[in-house]
Amino acid sequence: KGGGVRFAPSQPPEAAHGHVRFDEKLHDSAVMVTQEKDGSFLVKVGFLKILHKYEITFLLPPPPGDPARLPALSAPGYSVRCEYTAHREGVLKEEVVLASEAGEGACLRAVVQARVMGK
Numbered sequence: 264k265g266g267g268v269r270f271a272p273s274q275p276p277e278a279a280h281g282h283v284r285f286d287e288k289l290h291d292s293a294v295m296v297t298q299e300k301d302g303s304f305l306v307k308v309g310f311l312k313i314l315h316k317y318e319i320t321f322l323l324p325p326p327p328g329d330p331a332r333l334p335a336l337s338a339p340g341y342s343v344r345c346e347y348t349a350h351r352e353g354v355l356k357e358e359v360v361l362a363s364e365a366g367e368g369a370c371l372r373a374v375v376q377a378r379v380m381g382k
């Protein structure tokens with residue numbers, strides 16, 4: 264499973280797979296998504312620069328369970344796109360929770376981990 268991060272653009276996103284986008288002078292950076300023992304996901308976005316704004320995209324698989332209780336998916340999972348500002352140096356972790364609109368307790372948890380470097 265992959266993903267990506269980039270400087271937040273004014274242009275539309277390219278792929279449904281995950282990536283980190285940087286400005287046009289730089290290339291996209293790959294994102295790694297792994298499932299943890301507790302069922303949550305760890306999304307590693309690599310190295311980011313402090314005080315820069317990024318767009319992060321990645322794909323999470325649907326939660327296990329009764330397919331009749333889950334919304335139908337046209338893709339093999341949930342495509343997540345978020346903006347992130349690297350606000351301080353070091354290893355930063357931010358939790359993302361995707362909850363069911365039906366309120367039946369079904370949710371996916373992902374921790375986005377980035378290594379933020381100085382200017």
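In my numbering, the protein residues as written are 264 to 382. Glycine is no exception: its CB is placed at the ideal position from the N, C-alpha and C atoms.
Would you say the region 338-355 touches the region 308-321, given that touching needs at least three Cβ pairs under 8 Å?
yes
If you follow the beta strand (DSSP E) that A312 is part of, which residue opens it and which one closes it?
Along the sequence shown, read from residue 1 onward, the residue named residue 312 stands at position 49. First, the residue type needs correcting, since residue 312 is Lys and not Ala in the sequence shown. Counting along the chain, the beta strand (DSSP E) containing K312 begins and ends at F304 to K312.
Straight-line gap, E352 to V375 (C-alpha atoms, nearest Å):
The residue given as residue 352 occupies position 89 in the sequence shown. The residue given as residue 375 occupies position 112 in the sequence shown. When rounded, the distance between both Cα atoms is 15 Å.
Determine the direct distance from the alpha carbon of A362 to that of G309, and round the result to whole angstroms.
Indexing the sequence shown from 1 puts residue 309 at position 46. Indexing the sequence shown from 1 puts residue 362 at position 99. The straight-line gap from Cα to Cα measures roughly 26 Å.
Between M380 and the rest of its own chain, which residues show a CB-CB distance below 8 Å, the 5 nearest in sequence each way excluded?
Along the sequence shown, one-based indexing puts residue 380 at 117. Once the five neighbours on either side are set aside, the close Cβ partners of M380 are F310, L311, K312, I313 and E352.
Which value, in whole angstroms, describes the spacing of the CA atoms of F304 and E364?
Here residue 304 refers to the residue found at position 41 of the sequence shown. Here residue 364 refers to the residue found at position 101 of the sequence shown. Between F304 and E364, the C-alpha separation is close to 20 Å.
Among residues of its own chain, excluding the 5 on either side of K288, which ones have a beta-carbon nearer than 7 Å to its beta-carbon?
On the sequence shown, residue 288 is found 25 positions in, with the first residue counted as 1. Only weak support exists for where K288 lies, its pLDDT of 43 falling under 50; the value from the coordinates is given anyway. So no residue of the chain qualifies.
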